[in-house]
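Its first residue numbered 1, the sequence shown is counted upward by one per residue in the working numbering.
In this text, a Cβ means the ideal position worked out from N, Cα and C, and glycines have one as well.
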Amino acid sequence: MSTKKQKREKKEQQQLQKQNEKQTYRTLIMTSFIFLLSFVFFFWGASLLPVTDPVESNYALTAKEMVLSGDFMSPQIYHTYWFDKPIMIYWLTALSYVIFGFTDWAARIPSALCGALTITLLTHYILYIVKNNIIAIWSGIILATSLECWLLSHAIITDAALMLFTVITLFSAYIGITEHRKMHMTIAYIAAGLACLTKGPVGLVLPGLILLVWCAWQKNKTFFFRLFPWQGILAFLITVLPWYVGMYHIHGMDFINEFLGLHNVLRATVSEHPSDNHFYYYLIVFPISLLPWGGLFFYSLKKYGKSTDPFHRFLLTWCGVVIVFYTLMATKYITYTYIAVAPAAVLSALSVPDVTEGNRNAGLAVVIPFFLFMGVLIGLSLYIPSDSWWALYLIILYAVWALVFRWNRTREKRMTTVFTVTVSAILIVILSGFPSYMQSRSFKTTAEIFHSLPGHHYFYRTYPTSYPYYTGDYGPRIISDASPSKTNETRDSRWDNKSPIPTITDSQFEEKASHHPTYVFLKKNDKENFNKEAYAHRFVMEKETKDGYIYKEKTVTP
């Protein structure tokens with residue numbers, strides 16, 4: 001009997017092992033499928049999108065100079081050390097350049113890759129925590145198709161990478177705390193370290209604040225003590241110290257004063273853009289960033305706002321702390337609350353069953369913001385001419401037919417319809433609208449024209465960083481002797497040191513003797529100011545471009 005029992009137990013173990021192997025295989029296939037779809041979605045149309053000013057070009061040029069100089073430790077722009085952001089975005093972009101060359105689409109690969117990894121890992125975490133395939137998959141879908149996510153996953157900025165590392169930090173920490181798994185806490189601390197290498201101290205401070213508030217809300221001392229495993233703290237230090245200590249060793253207090261003083265402390269205490277410094281700023285920006293899913297988020301907020309479930313509270317804390325934290329900061333940026341879109345997507349996904357089961361309020365919460373979003377896209381199509389907008393109009397007409405005229409017959413398919421139409425509309429917009437719009441924000445076309453003119457090149461007041469990025473020419477900016485920068489708003493003068501743009505003053509330019517042709521570019525709204533300059537009589541208009549005017553010095557001919 002004992003032998004039969006052992007055989008039976010052995011057979012059961014083998015069957016269980018086979019089931020686990022099949023499940024692991026299915027999970028691997030699903031994860032790979034989600035990643036590939038997400039990457040294609042975020043990388044769609046990347047080759048058509050030029051590097052834009054004023055933000056993308058800073059990161060693209062700095063990474064380019066990193067590759068050309070061979071200095072992968074200290075970020076440089078205009079051949080000058082620049083400590084605006086930590087090293088991660090430059091490493092990722094430089095690596096892409098090394099592999100694929102200096103192309104616009106290579107510069108966009110890191111954000112698309114980080115976006116795809118974020119969607120994949122979010123789906124994995126939610127499946128592990130909630131044990132529900134539908135909720136997990138819809139969490140990924142809602143995040144991927146939310147307005148801010150698909151925009152920033154195309155952009156050459158830090159936020160896609162920060163989102164990736166923040167998702168790992170907070171969800172791993174949740175698992176580590178609730179299940180007392182030190183390995184997950186160690187992963188969380190490593191990810192927080194990578195976030196600090198992406199955005200600075202906020203990569204640790206903000207997730208730490210979220211977790212502390214959540215633990216306090218749970219009134220669980222055990223959770224609090226699990227937040228600080230020595231293994232995790234050690235892993236964090238090993239991750240961040242090599243670069244930060246190395247930068248201090250190389251640059252000393254210049255690094256501390258500029259990176260921590262100017263780009264962190266000053267940004268938190270003194271508004272870089274005073275006109276945006278309003279307490280309600282993110283109360284407007286955040287719902288827009290969730291389109292077309294903002295209504296479902298608020299439906300979930302009402303449904304789960306008083307829940308005592310630890311995971312629901314965790315998601316609510318994540319959203320709330322991020323919005324309050326950045327509301328209290330002096331400088332406001334549209335992208336600052338991006339990391340709150342992830343928990344908002346999960347909260348929204350928790351209410352998907354209500355939509356598919358025919359709940360009227362849940363259905364309206366999905367459909368009304370969706371049509372609002374489609375209305376915005378129609379407005380965009382009127383602003384940016386294209387021969388391909390007819391496809392957008394057709395799918396919106398289909399959505400009207402499916403979601404309005406067949407309201408009672410398609411309740412199970414409302415989420416699927418909204419999702420498929422949203423994805424289709426986004427892909428059309430990226431191909432038909434974005435290239436034209438981003439050309440208007442990029443100096444690429446004018447850079448080729450301006451650089452082709454033989455001689456010295458200058459910029460009057462303005463300075464498009466995409467010019468040196470595309471041409472390798474670092475022609476300086478001409479500024480007023482009285483004011484180091486041109487701006488339409490009053491702000492702290494310390495912000496004038498934010499970027500080391502190559503610059504000369506009006507008087508220096510006037511005195512500058514040249515035996516070569518000299519060209520000056522100016523924006524169209526600066527023409528009147530330029531004509532008032534003492535040296536303006538020496539110049540005559542050479543060309544007009546979409547970005548402005550090119551003037552040539554009359555006294556020197558090629």
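Assuming residue i and residue j make a contact with CB atoms under 8 Å, what is their CB distance in whole Å?
i    : j    : result
T289 : L147 : Residue identity differs from the one stated: residue 289 is Ser in this sequence, not Thr. That belief holds up - the Cβ atoms of S289 and L147 are roughly 6 Å apart, short of 8 Å.
V561 : I384 : The displayed coordinates of the chain run from 1 to 558. Any statement about residue 561 would go beyond what the structure contains.
I210 : V321 : 5 Å
F539 : K524 : Their Cβ separation, rounded to whole angstroms, is 16 Å, which puts F539 and K524 out of contact at 8 Å.
L403 : R414 : 6 Å
A373 : P287 : For clarity, residue 373 is Phe in the given sequence; the question names Ala instead. Rounded, the Cβ-Cβ distance is 11 Å, inconsistent with contact.
S47  : D104 : 7 Å
W401 : R313 : The Cβ separation is near 41 Å, so there is no contact.
S300 : S348 : 6 Å
Hey, would you say residue i sits closer than 8 Å to residue j, going by beta carbons?
i    : j    : result
R477 : I449 : no
M66  : L194 : no
D506 : D526 : no
L143 : A365 : no
A342 : I323 : no
V520 : Y458 : yes
G232 : M185 : yes
F223 : I175 : no
F419 : T145 : yes
T356 : V285 : no
S466 : S442 : yes
F325 : L206 : yes
V240 : L197 : yes
S388 : I430 : no
G165 : G203 : Correcting the residue identity first, residue 165 is Phe in this sequence and not Gly. Contact: yes.
G295 : I368 : yes
F311 : I109 : no
How long is the line joining the alpha carbons of residue i and residue j, rounded to whole angstroms?
i    : j    : result
G246 : G115 : 29 Å
K546 : T446 : 7 Å
P484 : G375 : For P484, the pLDDT reaches just 47, beneath the cut-off of 50, and the residue's location in the model is therefore unreliable, although a value from the coordinates is still provided. Using only the alpha carbons, I get a separation of about 42 Å.
I156 : A112 : 9 Å
L522 : L316 : 49 Å
D473 : Q439 : 20 Å
A425 : P54  : 27 Å
F42  : M163 : 14 Å
I190 : E542 : 56 Å
Y281 : A536 : 42 Å
D84  : P464 : 17 Å
P50  : I250 : 34 Å
P229 : K182 : 7 Å
H456 : G548 : 18 Å
F72  : D159 : 21 Å
F560 : P353 : A query on residue 560 cannot be resolved here, the shown segment of the chain reaching from 1 to 558 and no further.
E544 : I550 : 6 Å
H451 : I134 : 54 Å
I238 : F371 : 49 Å
F171 : A235 : 17 Å
A188 : H278 : 33 Å
G475 : F434 : 29 Å
I334 : H516 : 44 Å
A136 : N359 : 20 Å
S96  : F102 : 9 Å
Is residue i buried or exposed, if buried means 16 or more other CB atoms sit within 10 Å of its CB?
i    : result
S307 : exposed
L122 : buried
E56  : buried
A534 : exposed
R461 : buried
V40  : exposed
S258 : Before going on, a small fix: residue 258 reads as Glu here, not Ser. Buried, by the Cβ-count rule.
Y59  : buried
F33  : exposed
W69  : The question names Trp, but residue 69 in the sequence shown is Ser. Label assigned to S69: exposed.
Y90  : buried
I168 : buried
S38  : buried
L151 : buried
L92  : buried
L28  : exposed
L61  : buried
S275 : exposed
Going along the chain, which unbroken runs of the alpha helix (DSSP H) with 4 or more residues stay wholly within the segment 313 to 382? 341 to 350 and 352 to 356
If you scan the segment 428 to 455 from start to end, which runs of the alpha helix (DSSP H) of 4 or more residues do you find wholly inside it? 434 to 440 and 444 to 452
Those runs of the alpha helix (DSSP H) which lie wholly inside the segment 221 to 255 and span at least 4 residues: 221 to 226 and 230 to 251
Enumerated in chain order, which unbroken segments of the alpha helix (DSSP H) with a length of 4 residues or greater are wholly contained in the segment 52 to 120? 56 to 69 and 88 to 100
In chain order, which beta strand (DSSP E) runs of at least 3 residues are fully inside the segment 146 to 200? none
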